[in-house]
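A quick write-up on the structure given underneath.
Numbering (UniProt numbering), first residue to last: 1 to 217.
Okay, structure coming up:
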């Protein structure tokens, strides 16, 4: 009996250790906004397919997290010599959806409404965010995409790893999961970067994002 109890305890400890050692998504390199790329004469413009493009998000607080999606409402990608060379897309902040709470539950509408409020993204004042490509580079065998992310009243340049694939006339750009620090875009609600006396009532500054964009000729 004791052996069985010890085995259960050992499994529990190992499970907790595995969870605590889970690798956190890397924060995107963040710096001041840069000049966007300029299309060349040979550049081909591909229109974003908005029905197949979106951004997945995940936010954290002590003891839990929430996740969902945000729609991309329009945009285009520039392709020069079969490589992405520029482009931009618009993010519809009013389209924020919560996925981890059933849609029919009151908590779903409460959370999505709170995220759209002035506490967080203030959708009434800032209905759209934008991402404008400033360059692509190679680092450690990965393609790194850089661009200016304008969110609320702030713009910062972020760099994160992506995979680009072309099949027939369709180009797919998919990022690895990365994080941004919301405090750098003045999203202040329960942020330790702005408030020191929150105790365990804070919400993490890090937001995980994963971008998926499809564009066609």
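We put the beta carbon where it would ideally sit given N, CA and C, even for glycine.
Using 8 Å for Cβ pairs, my map puts residue i next to residue j. What's the rounded Cβ distance?
i	j	result
residue 133	residue 158	Contact doesn't hold; Cβ gap of about 11 Å is too wide.
residue 37	residue 135	6 Å
residue 103	residue 210	The pair is not a contact, with the Cβ atoms about 21 Å apart (cut-off 8 Å).
residue 88	residue 131	6 Å
residue 171	residue 162	Not a contact, Cβ separation roughly 11 Å.
residue 111	residue 129	About 19 Å separates the two Cβ atoms, so there is no contact after all.
Under 8 Å Cβ to Cβ from residue i, same chain only, skipping five residues before and after it: list those, please.
i	result
residue 191	182, 183, 202, 203, 205
residue 126	93, 151, 152, 153
residue 35	134
residue 216	46, 47, 49, 169, 170, 171
residue 198	190, 192
Can you list, in chain order, the residues of its chain whose CB lies under 7 Å from that of residue i, leaving out five sequence neighbours each side?
i	result
residue 188	194
residue 45	76, 78
residue 121	93, 115, 152, 187
residue 123	93, 94, 116
residue 60	204, 206
residue 80	40, 42, 43
Classify residue i: buried if its beta carbon has 16 or more other beta carbons within 10 angstroms, exposed otherwise.
i	result
residue 145	buried
residue 66	buried
residue 156	buried
residue 84	buried
residue 26	exposed
residue 200	exposed
residue 118	exposed
residue 113	exposed
What do you reckon, are the CB atoms on residue i and residue j nearer than 7 Å?
i	j	result
residue 241	residue 98	Outside the displayed span of the chain (1 to 217) sits residue 241, for which this structure offers no information.
residue 139	residue 86	no
residue 229	residue 95	Because the chain is modelled from 1 through 217, residue 229 falls outside the range shown and cannot be assessed.
residue 160	residue 33	no
residue 53	residue 213	yes
residue 176	residue 58	no
If you drop the 5 nearest sequence neighbours on each side, which residues of the same chain put their C-beta closer than 6 Å to that of residue i?
i	result
residue 74	90
residue 142	161
residue 105	none
residue 185	151, 152, 154
residue 69	54, 56, 97
residue 147	131, 132, 133, 134
residue 62	200
residue 31	157
At a Cβ threshold of 7 Å, is residue i touching chain B?
i	result
residue 162	Note that chain B does not occur in the displayed structure, where there is just one protein chain.
Whole beta strand (DSSP E) elements within the segment 71 to 104, 3-residue minimum: 83 to 98
message: Runs of 3 residues minimum, wholly inside the segment 134 to 163: which ones carry the beta strand (DSSP E) assignment?
response: 142 to 151
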